[in-house]
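To start, the structure itself, in structure tokens.
In my numbering, the protein residues as written are 1 to 131.
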């Protein structure tokens, strides 16, 4: 099955579970959900068409702190055992938290669990950072 068609089927099922008429996909192929009125969680098909990427911005990384942030991200990512990954955008100025779910297999509950986990981790990190 075409990865984009499968992705749109998943989004239609997710929209129904959320009580929404639809979840639109932008021209860049990304669907953005707004959680708690303040967090943008993005969904997209990975370039190979195998996974759904779930990702959220953690915020801007100032140039003077990038080296230290890189070290902390590598430490946090460990040996890759976690289903979540910390990273940077291609421009290198924004930290992101991401997860992947297999495109061929996930049902709405699995996709929703991934969205919830990324959302919770992001919101918790921001609350902790404010204290």
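The beta carbon of each residue, even a glycine, is placed where N, CA and C say it ideally should be. Just so we're clear, the structure is a prediction, and the values are computed from it rather than from any experiment.
Measuring straight from C-alpha to C-alpha, what distance separates residue 12 and residue 111? 12 Å
Report the start-end ranges of each beta strand (DSSP E) in the region 56 to 110 that is 3 residues or longer and not cut off at the edges. 84 to 88 and 94 to 102
Taking the alpha-carbon of residue 104 as reference, which of 46, 121, 50 and 35 has the nearest alpha-carbon? 50
Report the three-state DSSP secondary structure of residue 131 (helix, strand or coil). No answer about residue 131 holds up, because its pLDDT of 42 lies below 50 and its placement is not dependable.
For residue 53, which residues does DSSP report across the bridge? 44 and 100
Let me confirm a value: residue 119 is counted as buried when at least 16 other C-beta atoms fall within 10 Å, else exposed. Which label applies? buried
Hey, residue 56 and residue 41: beta-carbon distance below 7 Å or not? yes
Beta-bridge partners of residue 34, as assigned by DSSP: 40
What is the residue span of the alpha helix (DSSP H) that residue 18 lies within? 3 to 18
Assuming contact is defined by CB atoms lying nearer than 7 Å, are residue 108 and residue 17 in contact in what I supplied? yes
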